[in-house]
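**Student:**
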Amino acid sequence: EGVFVDIITVNGLSKEYKSVKRDSGFKNALKSFIKREYRIVKAVDDISFKIKKGEIVGYIGPNGAGKSTTIKMLCGILAPDKGEINILGMNPVDDRIKYVKEIGVVFGQKSQLWWDIPAEDSFDLLKDIYKIPDEEYEKNKKELVEMLHLEEIIKSPVRQLSLGERMKCELVASLLHSPKILFLDEPTIGLDAVSKVIVRDFIKKINKERKVTVILTTHDMADIESLTDRLIVIGHGHKLYDGSVRELKEKYSNEKIVEIIYENMKKIPKIDNTEIISNGNGIIRIKIDTKKLTVSDITYKYSEVCEIKDINVIVSSIDEIIYKLYTEFQI
Numbered sequence: 498e499g500v501f502v503d504i505i506t507v508n509g510l511s512k513e514y515k516s517v518k519r520d521s522g523f524k525n526a527l528k529s530f531i532k533r534e535y536r537i538v539k540a541v542d543d544i545s546f547k548i549k550k551g552e553i554v555g556y557i558g559p560n561g562a563g564k565s566t567t568i569k570m571l572c573g574i575l576a577p578d579k580g581e582i583n584i585l586g587m588n589p590v591d592d593r594i595k596y597v598k599e600i601g602v603v604f605g606q607k608s609q610l611w612w613d614i615p616a617e618d619s620f621d622l623l624k625d626i627y628k629i630p631d632e633e634y635e636k637n638k639k640e641l642v643e644m645l646h647l648e649e650i651i652k653s654p655v656r657q658l659s660l661g662e663r664m665k666c667e668l669v670a671s672l673l674h675s676p677k678i679l680f681l682d683e684p685t686i687g688l689d690a691v692s693k694v695i696v697r698d699f700i701k702k703i704n705k706e707r708k709v710t711v712i713l714t715t716h717d718m719a720d721i722e723s724l725t726d727r728l729i730v731i732g733h734g735h736k737l738y739d740g741s742v743r744e745l746k747e748k749y750s751n752e753k754i755v756e757i758i759y760e761n762m763k764k765i766p767k768i769d770n771t772e773i774i775s776n777g778n779g780i781i782r783i784k785i786d787t788k789k790l791t792v793s794d795i796t797y798k799y800s801e802v803c804e805i806k807d808i809n810v811i812v813s814s815i816d817e818i819i820y821k822l823y824t825e826f827q828i
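Heads up: the sequence shown is residues 498 to 828, going by our numbering.
So, in structure tokens, the structure goes:
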């Protein structure tokens, strides 16, 4: 441990699928039944990246972009058609038995807990599967259960648990064997607001205290805002962006809306690179191009023509920014 600065290295990763070509209509359906035509779908196409120990990386993209396929290759579930994966000095497929002991996986849609028995019994089974020493297992179980306040919940059969309770138990199950890397695929999907916050806080804590490296796929942009500063964005199997959330915002969010609450407006000043969105009841909203103007410029101009009571600045949400990025690449 500590030898690897980049503990995950992915080079030229590619994965293709054969998909049956089908046109609509009964005639075409019959034709395809007799003679099947296939098309090649490039789920992942020449993707490369490196991830350092202790990073939390958001791996995002629209449905069908290739996120889950990439995660499955990183976990060793799927073998790539081309390219190399080196994680902790291992190949996930070739070194599978040794490798799975170093990773934890939570798929929001699939459970690793046995449905009809209490979560605690599932934990005991996982202890045997991973051959976790007694002392390490008891220490980890106690610590993780306390962090998520699951002392009573783990005594109930999994089928009786709410989605939020089950997801917390899934997180415990994935960390009992002290993995160095945690793969999270939609960990907050379907959770209520309170459960989402608890799960996010837990992930941050595990990352900080145990230095667990986290790779997160999600459609919930609040997960991204809350958990990570680095984003890898993919679409149609290609890597579109790899960098910080802040840089992405700076690149794709050159618009702000300035809301001025005023009294005694003499006249609306004419200012280049601005657009008035609405004006009424003592509130004016102005869209500005932040590459050409600052909020201070607007405030100064309006202070000359009215009495300013308050100012609010509304910036683009990460959802809007990601949408702009997809639009640029015509996804």
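Virtual Cβ for every residue (Gly too), placed ideally from N, Cα, C. Treat the numbers as computed from the prediction; the structure is a model and nothing was measured.
What does the Cβ neighbour count give for residue 801, buried or exposed, with the cut at 16 atoms within 10 Å?
**Tutor:** The sequence position of residue 801 within the sequence shown is 304, counting from 1. With fewer than 16 other Cβ atoms within 10 Å, it is exposed.
**Student:** For residue 651, count neighbouring C-beta atoms within 10 Å of its own C-beta (all shown protein chains included) and say buried if the count is 16 or more, exposed if not.
**Tutor:** Position 154 of the sequence shown, counted from the start, is the residue given in the question as residue 651. Flag for residue 651 reads buried.
**Student:** Excluding the 5 residues flanking residue 798 on each side, which residues of the same chain have their C-beta closer than 7 Å to its C-beta?
**Tutor:** Your numbering for residue 798 matches position 301 in the sequence shown. Hits under 7 Å: 766, 768.
**Student:** Straight-line CA distance for residue 575 to residue 729?
**Tutor:** Reading the sequence shown from its first residue, position 78 is the one you call residue 575. Reading the sequence shown from its first residue, position 232 is the one you call residue 729. Cα-Cα distance, rounded: 20 Å.
**Student:** Just to check my reading of the structure: residue 664 and residue 688 have Cβ atoms closer than 8 Å, yes? What is that Cβ distance to the nearest angstrom?
**Tutor:** Counting from 1 along the sequence shown, the entry for residue 664 is found at position 167. Counting from 1 along the sequence shown, the entry for residue 688 is found at position 191. At roughly 6 Å, the Cβ-Cβ gap stays under 8 Å, so residue 664 and residue 688 are in contact.
**Student:** Leaving out the 5 sequence neighbours to the left and right, which residues in its chain are closer than 8 Å to residue 504 when beta-carbon positions are compared?
**Tutor:** Looking up residue 504 in the sequence shown gives position 7. Here the set comprises 548, 549, 550, 584, 585, 677, 678, 710.
**Student:** Taking all protein chains shown into account, decide if residue 826 is buried (16 or more other Cβ within 10 angstroms of its Cβ) or exposed.
**Tutor:** Taking the first residue of the sequence shown as 1, we reach residue 826 at position 329. The residue is exposed, with fewer than 16 neighbouring Cβ atoms inside 10 Å.
**Student:** With 16 as the cutoff for other CB atoms within 10 Å, does residue 705 come out buried or exposed?
**Tutor:** Translated into positions along the sequence shown, residue 705 becomes position 208. Exposed: under 16 other Cβ atoms inside 10 Å.
**Student:** For residue 535, is the classification buried or exposed, using 16 other Cβ atoms within 10 angstroms of its Cβ as the cut-off for buried?
**Tutor:** In the sequence shown, residue 535 corresponds to position 38, counting from 1. It is exposed - the Cβ of residue 535 has fewer than 16 other Cβ atoms within 10 Å.
**Student:** So for residue 561, helix, strand or coil by DSSP?
**Tutor:** On the sequence shown, position 64 is the one that residue 561 refers to. If DSSP states are grouped into helix, strand and coil, residue 561 belongs with coil.
**Student:** Can you name the residues that DSSP bridges to residue 671?
**Tutor:** Translated into positions along the sequence shown, residue 671 becomes position 174. Answer is none; residue 671 lacks a bridge partner.
**Student:** Using three-state DSSP, classify residue 826 as helix, strand or coil.
**Tutor:** The sequence position of residue 826 within the sequence shown is 329, counting from 1. In this structure, residue 826 counts as coil in the three-state DSSP scheme.
**Student:** Return helix, strand or coil for residue 786, following the three-state DSSP convention.
**Tutor:** Numbered from its first residue, the sequence shown carries residue 786 at position 289. In the structure shown, residue 786 sits in a strand (DSSP, three-state: E or B).
**Student:** May I have a chain-ordered list of the beta strand (DSSP E) segments no shorter than 3 residues that lie completely inside the region 545–607?
**Tutor:** The region 545–607 contains these whole beta strand (DSSP E) runs: 553–557, 579–584, 600–604.
**Student:** Tell me whether the beta-carbon of residue 667 lies closer than 8 Å to the beta-carbon of residue 610.
**Tutor:** The residue given as residue 667 occupies position 170 in the sequence shown. The residue given as residue 610 occupies position 113 in the sequence shown. Yes, Cβ-Cβ distance for residue 667 and residue 610 is below 8 Å.
**Student:** Does the region 606–624 come close enough to the region 539–548 that 3 or more CB-CB pairs lie under 8 Å?
**Tutor:** Flag = no, the region 539–548 and the region 606–624 do not touch.
**Student:** What does a CB cutoff of less than 8 Å around residue 816 pick up in its chain, not counting 5 residues either side in sequence?
**Tutor:** By one-based count along the sequence shown, residue 816 stands at place 319. Excluding sequence neighbours, residue 816 sits near 718.
**Student:** Report the three-state DSSP secondary structure of residue 500 (helix, strand or coil).
**Tutor:** As a first step, residue 500 must be located in the sequence shown, where it is residue number 3. Any answer about residue 500 is weak, because its pLDDT of 45 lies below 50 and its placement is not dependable; what the coordinates show is given next. Three-state DSSP puts residue 500 in coil, outside helix and strand.
**Student:** If you compare alpha carbons, which of 681, 747, 738, 748 is closest to residue 606?
**Tutor:** Taking the first residue of the sequence shown as 1, we reach residue 606 at position 109. The option with the nearest alpha carbon to residue 606 is 681.
**Student:** Spell out a yes or no on whether the region 688–703 and the region 623–637 are touching, meaning 3 or more CB-CB pairs, one atom from each, closer than 8 Å.
**Tutor:** Judged by Cβ distances under 8 Å, the region 688–703 makes no contact with the region 623–637, as fewer than three pairs qualify.
**Student:** Look at the alpha carbon of residue 751 and the alpha carbon of residue 725, and state the distance between them as a whole number of angstroms.
**Tutor:** Translated into the one-based positions of the sequence shown, residue 751 becomes position 254. Translated into the one-based positions of the sequence shown, residue 725 becomes position 228. Between residue 751 and residue 725, the C-alpha separation is close to 22 Å.
**Student:** Kindly indicate which residue of 727, 646, 772, 656 has the alpha-carbon position closest to the one of residue 692.
**Tutor:** One-based indexing of the sequence shown puts residue 692 at position 195. When only C-alpha atoms are compared, the closest one is 646.
**Student:** Which residue wins for smallest C-alpha separation from residue 763, given the options 745, 561, 805, 707?
**Tutor:** Counting from 1 along the sequence shown, the entry for residue 763 is found at position 266. Minimum Cα distance to residue 763 is reached at 805.
**Student:** With DSSP collapsed to three states, give me the class of residue 661.
**Tutor:** Working through the sequence shown from its first residue, we reach residue 661 at position 164. Correct three-state label for residue 661: helix.
**Student:** In the DSSP assignment, what are the bridge partners of residue 536?
**Tutor:** To locate residue 536, count along the sequence shown from 1; it is residue 39. 516, per the DSSP bridge assignment.
**Student:** Decide if residue 727 is buried, meaning its Cβ has at least 16 other Cβ atoms within 10 Å, or exposed.
**Tutor:** Reading the sequence shown from its first residue, position 230 is the one you call residue 727. The residue is buried, with at least 16 neighbouring Cβ atoms inside 10 Å.
**Student:** Run through the region 677–745 for me and flag every whole beta strand (DSSP E) of 3 or more residues, listed as ranges in chain order.
**Tutor:** Complete beta strand (DSSP E) runs here, min 3: 678–682, 710–714, 727–732, 735–741.
**Student:** Can the beta-carbon of residue 819 be found less than 8 Å from the beta-carbon of residue 714?
**Tutor:** Within the sequence shown, residue 819 is the residue found at index 322, counting from 1. Within the sequence shown, residue 714 is the residue found at index 217, counting from 1. The answer is no: Cβ separation not under 8 Å.
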